[in-house]
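To start, the structure under review is shown below, and the notes come after it.
Chains as they are written, first to last, in UniProt numbering: chain A, 1 to 399; chain B, 1 to 399.
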């Protein structure tokens with residue numbers, strides 16, 4: 001950052017959400033956030049889902065402060081502090097190595113962050129949030145290189161949001177976690193016809209949080225231990241290979257099996273954890289029956305720690321599959337605003353297909369669909385009008 | 001059977017239902033019905049749940065025939081044929097060894113069987129049914145000794161219904177299955193204060209049958225394989241020990257964990273199998289919150305291949321727990337006929353307990369409760385008026 005100016009130095013960045021196709025569930029180190037197995041995800045496109053963060057640095061600020069979605073939050077949270085500390089440590093190292101532009105190290109920061117999707121959507125926002133925080137702080141303090149190990153210390157899966165496309169989080173083996181980092185398997189341009197639909201399910205109950213959920217699972221599930229040690233290593237290789245070859249059926253089946261195994265591990269936890277609602281189960285049945293009808297795997301589902309389904313399919317199957325979803329989960333209104341994001345063309349459902357799926361429709365089971373695709377990693381927002389903090393370093397009034 | 005009489009020889013027996021606390025799921029041999037792991041069950045009392053079967057043998061019968069719950073069924077089903085063949089083989093062996101009373105071997109049989117509980121209750125009736133069939137045929141043909149290996153060939157879990165109390169089904173290791181038999185761990189008199197409540201859940205959809213379900217699980221679930229090989233052997237020892245010591249918390253926790261792990265294996269199956277409904281999940285939450293409120297494990301649940309919960313608890317906790325169930329699953333009418341079986345005294349729920357459980361009530365989620373306890377194995381019904389077949393060997397008109 002440029003020095004010697006009473007105006008705060010401002011930088012804004014955006015970062016994406018990611019959805020794991022080989023799931024992360026369980027830490028071997030709670031403080032450093034080191035996982036019990038590697039994982040692999042698809043970065044979703046920021047045109048549909050992103051976090052935007054502005055960091056302001058000024059010698060006039062009295063303390064580090066944080067605003068999330070318009071509300072000031074406690075910045076002393078250990079995971080936030082880990083990210084701030086690690087970025088400042090790297091910046092200090094850079095300065096000590098004789099690099100310029102790493103001043104402001106003793107200055108306090110103001111951080112302001114918003115999601116372009118409602119929290120109520122139940123989408124894991126912490127990955128995009130911490131990725132964006134770390135990326136923005138790194139910009140502000142002039143830190144370069146792989147930052148996924150720092151994002152990981154904010155929220156495990158945040159490390160995977162540091163890259164676009166298809167991203168692997170290597171569990172690593174070192175005790176200090178230095179080798180537990182993310183790396184890109186393939187860029188988002190690799191598989192352009194892949195499409196992603198987020199089916200936002202109506203939820204009655206707030207499910208148990210993933211941090212405490214995975215702790216209990218690690219402590220009590222014998223199946224999770226077996227999964228981490230003996231199942232995931234081979235699946236990581238198979239998934240990487242399926243993505244490299246753009247082999248949709250292989251990718252899809254492995255994605256569904258791994259989602260199911262993650263939820264099986266939750267059920268094997270004591271007391272058991274349920275994230276799949278009756279709506280989620282209906283989506284699972286629907287996908288399998290849809291595929292069975294066509295005699296090939298055209299669509300896959302994946303569920304994180306909540307009832308929303310993430311659907312993977314090929315561009316050509318999107319219109320019909322969206323119609324199927326809309327038929328078996330009749331929306332509240334006329335289907336208006338049911339589909340957000342990338343435009344979806346109309347399609348007509350055959351009676352044959354409806355009968356092949358043959359499920360009892362669940363009205364309003366799905367609130368809306370976000371239509372998206374794989375996208376790039378975090379980026380700097382060059383337009384200064386997009387800053388979330390005004391020139392005095394405080395949140396803009398519009399928030 | 002006595003010979004030389006044109007009147008059929010009639011014998012009637014009853015046999016119990018059993019509920020596994022270490023679950024059987026998956027065969028290593030489909031024809032012989034040999035399991036991939038040992039299992040352990042509690043035999044339920046026949047005063048509440050039983051199958052009654054009458055076998056008639058007559059030289060005048062032209063063919064083997066079978067009536068189930070008043071309807072004639074196809075007796076050529078391979079599993080029925082296995083049981084008939086094996087009993088006749090043993091009877092022939094007895095005769096060849098010079099024993100009397102094993103005549104009628106060339107005669108055909110008429111079999112009539114009824115359950116004293118509605119099929120709609122979704123209780124696995126095949127275990128009691130095949131146990132009763134084999135026990136009755138053995139009586140008719142004068143066969144003695146352990147018959148669990150024959151019952152097993154009718155329906156795997158039927159072998160455990162051949163004994164009362166607490167029963168182990170040893171998986172065995174022989175290819176011919178001769179060592180895959182049931183044996184009693186403790187008689188029903190061992191743990192008189194143990195009580196069992198069957199919570200019959202309202203079900204919307206008929207779940208996948210256990211035969212094809214377990215086939216798919218064996219073929220696709222890596223977690224089931226691990227469970228069978230590495231988890232169940234130790235649990236069998238722990239469960240046997242918990243029963244021997246009448247250690248309710250140990251028994252209860254293992255029962256719940258094993259039920260959950262069975263359902264986890266179903267979810268790890270591809271395509272996944274769901275047996276737990278939202279009602280089942282609510283029962284699970286309710287039990288854990290109830291136990292947490294008291295700071296001790298007073299109640300346990302177990303679920304088979306369907307949404308009904310089987311609750312284990314101690315006699316002293318039955319009245320309050322039944323009230324809790326009734327509160328969080330308000331019955332249709334005034335609670336009349338909500339509780340069947342062993343009488344349950346009234347209890348008053350404290351506001352504190354209601355709040356500690358703190359679930360949203362699910363009206364009509366549970367149809368009724370069957371209150372029962374551990375009971376004896378199959379027995380002969382000596383009263384001839386109880387025969388289901390009349391003296392001509394055909395079903396009585398009242399059926």
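Ideal Cβ positions, reconstructed from N, Cα and C, are used throughout, including at glycine.
Please read these numbers as outputs of a predicted model, since none were measured by experiment.
Strictly below 7 Å CB to CB, what residues from chain B border residue i?
i	result
residue 274 of chain A	281
residue 271 of chain A	288
residue 428 of chain A	Absent from the structure is residue 428 of chain A, since the part of chain A shown begins at 1 and ends at 399.
residue 231 of chain A	222
residue 257 of chain A	270
Residues of chain A with CB under 9 Å from residue i, in chain order?
i	result
residue 228 of chain B	Within chain A, no residue comes near residue 228 of chain B; the closest Cβ sits about 12 Å away, beyond 9 Å.
Drop a sphere of 10 angstroms on the beta-carbon of residue i, count the other beta-carbons inside from all chains shown, and report buried for 16 or more, exposed for fewer.
i	result
residue 10 of chain B	buried
residue 345 of chain A	exposed
residue 382 of chain A	exposed
residue 363 of chain A	exposed
residue 77 of chain A	exposed
residue 12 of chain B	buried
residue 8 of chain B	buried
residue 98 of chain A	exposed
residue 352 of chain B	exposed
For residue i, which residues from the same chain have a beta carbon less than 6 Å from its beta carbon, with the 5 sequence-adjacent residues on both sides left out?
i	result
residue 401 of chain A	What is shown of chain A runs 1 to 399, which leaves residue 401 of chain A out entirely.
residue 149 of chain B	181
residue 112 of chain B	54, 67, 388, 389, 395
residue 186 of chain A	165, 166, 243
residue 399 of chain A	Only weak support is given to the placement of residue 399 of chain A: the predicted model assigns it a pLDDT of 48, under 50, and the value that follows is read from those uncertain coordinates. So the qualifying residues of the chain are 70.
residue 172 of chain B	179, 180
residue 361 of chain B	328, 330
residue 49 of chain B	17, 117
Excluding the 5 residues flanking residue i on each side, which residues of the same chain have their C-beta closer than 8 Å to its C-beta?
i	result
residue 107 of chain A	57, 58, 59, 61
residue 273 of chain B	207, 208, 213, 216, 217, 266, 267
residue 254 of chain A	21, 22, 235, 238, 239, 242
The ligand MG heavy atoms versus the CB of residue i: any closer than 7 Å?
i	result
residue 390 of chain A	The ligand MG is not part of this structure, which contains no ligands at all.
What does residue i pair with, by DSSP beta-bridge criteria?
i	result
residue 22 of chain B	B/40
residue 183 of chain A	A/168
residue 272 of chain B	Partner(s): none; residue 272 of chain B has no beta bridge.
residue 339 of chain B	B/369
residue 73 of chain A	A/66
residue 55 of chain B	B/11, B/111
residue 301 of chain B	B/311
residue 195 of chain B	B/313
residue 222 of chain A	Its beta-bridge partners do not exist; DSSP assigns none.
residue 97 of chain B	According to DSSP, which records beta bridges pairwise, residue 97 of chain B is partnered with nothing at all.
residue 380 of chain A	A/13
Does the beta-carbon distance from residue i to residue j come in below 8 Å?
i	j	result
residue 312 of chain A	residue 222 of chain A	no
residue 55 of chain B	residue 155 of chain B	no
residue 165 of chain A	residue 144 of chain A	no
residue 257 of chain A	residue 275 of chain B	no
residue 377 of chain B	residue 162 of chain B	yes
residue 157 of chain B	residue 51 of chain B	no
residue 249 of chain A	residue 296 of chain A	yes
residue 301 of chain B	residue 324 of chain B	no
residue 339 of chain A	residue 357 of chain A	no
residue 308 of chain A	residue 374 of chain A	no
residue 127 of chain B	residue 210 of chain B	no
residue 349 of chain B	residue 371 of chain B	no
residue 369 of chain B	residue 198 of chain B	yes
residue 298 of chain A	residue 285 of chain A	no
residue 279 of chain A	residue 366 of chain A	yes
If I measure Cβ to Cβ from residue i and keep anything under 7 Å in the same chain, skipping five residues before and after, which residues do I get?
i	result
residue 146 of chain A	181
residue 87 of chain A	134, 137, 138, 141, 143, 150
residue 32 of chain B	153, 177
residue 82 of chain B	153, 154
residue 130 of chain B	83, 151, 154, 155, 158
residue 26 of chain B	35, 36, 214, 217, 218, 224, 228
residue 319 of chain A	344, 345, 346, 347
Name the chain A residues whose beta carbon is nearer than 8 Å to that of residue i?
i	result
residue 299 of chain B	Here the premise fails: no neighbours, minimum Cβ distance about 13 Å.
For residue i, which residues in chain A fall below 7 Å Cβ to Cβ?
i	result
residue 278 of chain B	278
residue 20 of chain B	Neighbours of residue 20 of chain B on chain A: none; closest Cβ ~17 Å, over 7 Å.
residue 284 of chain B	272
If we define contact as Cβ-Cβ less than 8 Å, is residue i a contact residue for chain C?
i	result
residue 265 of chain A	Protein chains A and B are contained in the structure displayed, whereas chain C is not.
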